[in-house]
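Read the structure below first, then the notes.
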Amino acid sequence: MDRPQGEPPDRPLGMLAELTYRCPLRCAYCSNPVALDAYADELSLADWCRVLTEARELGVLQVHFSGGEPLLRGDLTAIVAHAHALGLYTGLVTGGQALTAARLTALAAAGLDHVQISVQSADAPEADTIAGRPAHRRKLAAAALVKEAGLPLTLNAVLHRATIGRAGALIELAERLGADRLELANAQYYGWALLNRRALLPTREQLAAVEPVIRAARERLAGRLEIVYVVADLYEGVPKPCMHGWGSRQLTVTPNGDVLPCPAAAQIPGLGVVNVARARLADIWFDSPAFNRFRGTGWMREPCRSCARKEIDHGGCRCQAFQLTGDASATDPVCALSPHHAALAEAVRADTARAADATPLVPRTDTRTRIRVRHRKRPGAGTGAGTSGGADGGTGNGVPDGAEAQEKTTS
Ligand code: SF4
Ligand code: FES
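Just so we're aligned, residue 46 is where the sequence shown starts under the working numbering, counting upward by one.
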């Protein structure tokens with residue numbers, strides 16, 4: 046392992062636990078990896094319990110169970126119970142298809158603190174078309190169950206060229222469902238969404254038109270419904286402070302146990318990602334090459350190195366820099382000071398100049414994924430509750446924390 050000199054990094058506050066990438070929905074804006082088959086080997090219940098215990102010892106305060114569709118794990122309730130017993134704040138990020146009253150009652154009894162349900166649109170036929178199956182009615186029913194159970198409800202909707210013009214209807218839907226929080230997130234271009242960027246990107250005019258709608262709704266609904274709006278930063282001149290800085294506040298554990306500084310980091314070659322089977326979480330957080338590669342500012346080149354904003358935006362998003370330049374250590378091309386900024390602006394202009402229907406969407410598909418749950422023992426591994434991991438059918442999606450973080454835009 047590989048700890049640089051100087052001050053030790055802070056401890057993480059949040060963990061995104063991606064329990065499975067399986068999902069019954071087919072959203073073309075999904076941020077899960079396109080190569081889903083690589084994640085068919087899932088951690089068991091015992092593995093997850095050990096990881097959660099180690100996360101708590103490391104200082105993690107909140108965990109969000111995401112995917113894919115975490116409800117596809119038959120052992121989700123046991124995982125939540127273990128997290129709750131450790132004192133962690135627990136959130137479930139779901140597409141809601143398998144959320145029955147009995148399941149929710151069990152999850153609430155296990156200590157679940159919060160539920161986020163994704164919707165594709167406020168219009169049922171459009172929502173079902175985007176999801177690739179009739180899913181909308183069940184999502185509404187799931188949202189009603191969450192309210193009946195007295196749990197805080199966040200509604201999440203991904204905005205893209207086809208839906209951004211009807212953000213107002215999504216706000217009305219959130220009001221009708223009694224949601225406590227609505228997250229309207231422009232698609233973030235990772236995974237399947239990157240593959241479909243050309244068809245998904247909204248135009249500048251669309252983005253300009255939605256902002257007053259959101260502003261007015263925030264004023265009207267202040268104190269009743271919190272509305273979080275996540276911008277599409279490809280149009281900006283300054284990049285987002287992705288993840289609040291690499292390896293600074295959050296970590297992600299993928300379904301197969303890889304530990305990542307952000308959900309999209311697996312695409313960066315040679316990062317030195319370590320799996321929970323090979324080391325304890327604290328060692329991975331403090332000492333692994335993957336977490337230390339872009340920590341702080343020492344890795345930066347110009348123009349970031351001498352820029353006054355380098356402690357503010359951390360040079361932008363490492364994954365976006367890699368996707369757009371092939372070099373994860375480059376300045377995020379969203380930054381107007383990046384030598385790649387003009388090329389990005391031209392690519393965005395060309396993408397949005399095409400008619401939306403001129404580029405067919407590639408729906409997410411993982412039909413070849415078959416799941417194996419591990420039952421291995423590791424020398425020196427911590428504790429764990431129970432034994433097996435389970436799986437059956439469901440839906441999905443996920444988010445870590447807040448608009449400024451890497452947004453997961455599944456289901
Ligand atoms: Fe941020 Fe680097 Fe651009 Fe400065 S040059 S604004 S640090 S991305
Ligand atoms: Fe990975 Fe931004 S650093 S998504």
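Here a beta-carbon is modelled for each residue, glycine too, at the ideal position from N, C-alpha and C. This structure is a prediction, so every number in the text was calculated from the model and none was measured.
Residue closest to residue i, alpha-carbon to alpha-carbon, out of the options
| i | options | result |
| --- | --- | --- |
| ARG182 | PRO54, GLN251 and LEU144 | LEU144 |
| PRO348 | PHE339, ASN337, GLY360 and ARG338 | GLY360 |
| LEU240 | TYR66, ARG67 and VAL79 | VAL79 |
| THR208 | PRO197, PRO247 and LEU90 | PRO247 |
| PHE106 | SER383, GLY140, VAL164 and GLN295 | Looking at the sequence shown, residue 106 is not Phe but Leu. It is GLN295 whose Cα lies nearest to the Cα of LEU106. |
| LEU133 | ALA167, GLY59 and GLY112 | GLY59 |
| GLY113 | THR199, THR122, TYR84 and GLU281 | TYR84 |
| THR135 | GLY343, ARG340 and PRO197 | PRO197 |
| ALA327 | ARG243, ILE162 and GLY104 | GLY104 |
| LEU252 | LEU406, ARG263, THR397 and ALA324 | THR397 |
| CYS362 | VAL407, VAL319, ALA309 and GLU391 | ALA309 |
| CYS307 | PHE339, ASP278 and ALA324 | PHE339 |
| GLU87 | VAL321, GLN161 and ALA267 | VAL321 |
| VAL39 | LEU229, PHE367 and TYR234 | The requested residue 39 is not part of the displayed model; the chain covers only 46 to 456. |
| VAL67 | ARG101, ARG118, PRO54 and CYS94 | Looking at the sequence shown, residue 67 is not Val but Arg. Cα-wise, what sits closest to ARG67 is ARG118. |
| ARG249 | LEU227, ASP225, HIS289 and HIS205 | HIS205 |
| GLN161 | ALA73, LEU116 and LEU406 | LEU116 |
| TRP330 | ILE357, LYS355 and VAL298 | VAL298 |
| CYS364 | ALA381, SER374 and ILE357 | SER374 |
| ALA128 | PRO179, THR174 and ARG95 | ARG95 |
| LYS355 | LEU131, ASP377 and ALA395 | ASP377 |
| ALA238 | ALA73, ALA224 and ALA180 | ALA73 |
| LEU222 | TYR234, ARG243, GLU193 and ALA353 | GLU193 |
| GLY157 | LEU131, THR174 and PRO170 | One detail in the question is off: residue 157 reads as Leu in this sequence, not Gly. Residue LEU131 is the option with its Cα nearest to LEU157. |
Alpha-carbon to alpha-carbon, residue j and residue i
| i | j | result |
| --- | --- | --- |
| PRO69 | VAL108 | 23 angstroms |
| ALA172 | ASN231 | 16 angstroms |
| GLU63 | ALA176 | 20 angstroms |
| ARG265 | GLU271 | 11 angstroms |
| VAL273 | ALA151 | 29 angstroms |
| ARG56 | CYS75 | 29 angstroms |
| PRO384 | ILE216 | 39 angstroms |
| ALA153 | LEU90 | 19 angstroms |
| ALA277 | LEU245 | 11 angstroms |
| LEU61 | SER351 | 33 angstroms |
| LYS184 | SER163 | 8 angstroms |
| ALA189 | ASN77 | 27 angstroms |
| SER293 | ARG325 | 18 angstroms |
| ASP411 | VAL203 | 20 angstroms |
| ARG423 | ARG323 | For ARG423, the predicted model reports a pLDDT of 43, less than 50, meaning its position is unreliable; a value from the coordinates is still stated below. Those two C-alpha atoms are separated by around 8 angstroms. |
| VAL379 | ALA146 | 45 angstroms |
| ASP82 | ALA186 | 31 angstroms |
| GLY435 | ASP120 | Low per-residue confidence applies at GLY435: pLDDT is 26, beneath 50, and the placement is therefore not dependable, though the value from the model is reported in the following sentence. GLY435 and ASP120: Cα-Cα distance of roughly 6 angstroms. |
| THR65 | PHE110 | 9 angstroms |
| ASN301 | ARG399 | 39 angstroms |
| ALA219 | ARG346 | 44 angstroms |
| ALA390 | LEU200 | 32 angstroms |
| GLU256 | ARG263 | 11 angstroms |
| LEU382 | ALA366 | 13 angstroms |
| ARG394 | ARG242 | 12 angstroms |
| ALA214 | PRO54 | 43 angstroms |
| VAL191 | VAL138 | 12 angstroms |
| ALA392 | ARG71 | 26 angstroms |
Residue i, buried or exposed, once every other Cβ within 10 Å from all chains shown has been counted against 16
| i | result |
| --- | --- |
| GLU52 | exposed |
| GLU99 | buried |
| VAL304 | buried |
| ARG409 | buried |
| GLY236 | buried |
| GLY140 | buried |
| ASP92 | buried |
| ALA387 | exposed |
| GLY268 | exposed |
| GLY195 | exposed |
| ALA167 | buried |
| GLY343 | exposed |
| ASP372 | exposed |
| ALA126 | buried |
| ARG421 | Any reading at ARG421 needs caution, since the residue's pLDDT is 43, under 50, leaving its predicted position unreliable; the model's value is listed next. The residue in question, ARG421, is exposed, as its Cβ has fewer than 16 Cβ neighbours within 10 Å. |
| ILE124 | buried |
| GLY290 | buried |
| VAL319 | buried |
| ARG492 | Because the chain spans 46 through 456 in this model, residue 492 falls outside it and cannot be assessed. |
| ARG101 | buried |
| ALA261 | exposed |
Considering only heavy atoms of the ligand SF4 and the C-beta of each residue, which residues fall inside 6 angstroms, strictly closer? VAL283, PRO284, PRO348, CYS349, CYS352, ARG354, LYS355, ASP358, GLY360, GLY361, THR376, ASP377, CYS380 and LEU382
Under 8 angstroms, with one C-beta from each stretch per pair, do the region 276-288 and the region 210-227 reach the 3-pair mark? no
Segment contact flag, the region 334-343 with the region 302-316, C-beta cutoff 8 angstroms, min 3 pairs: yes
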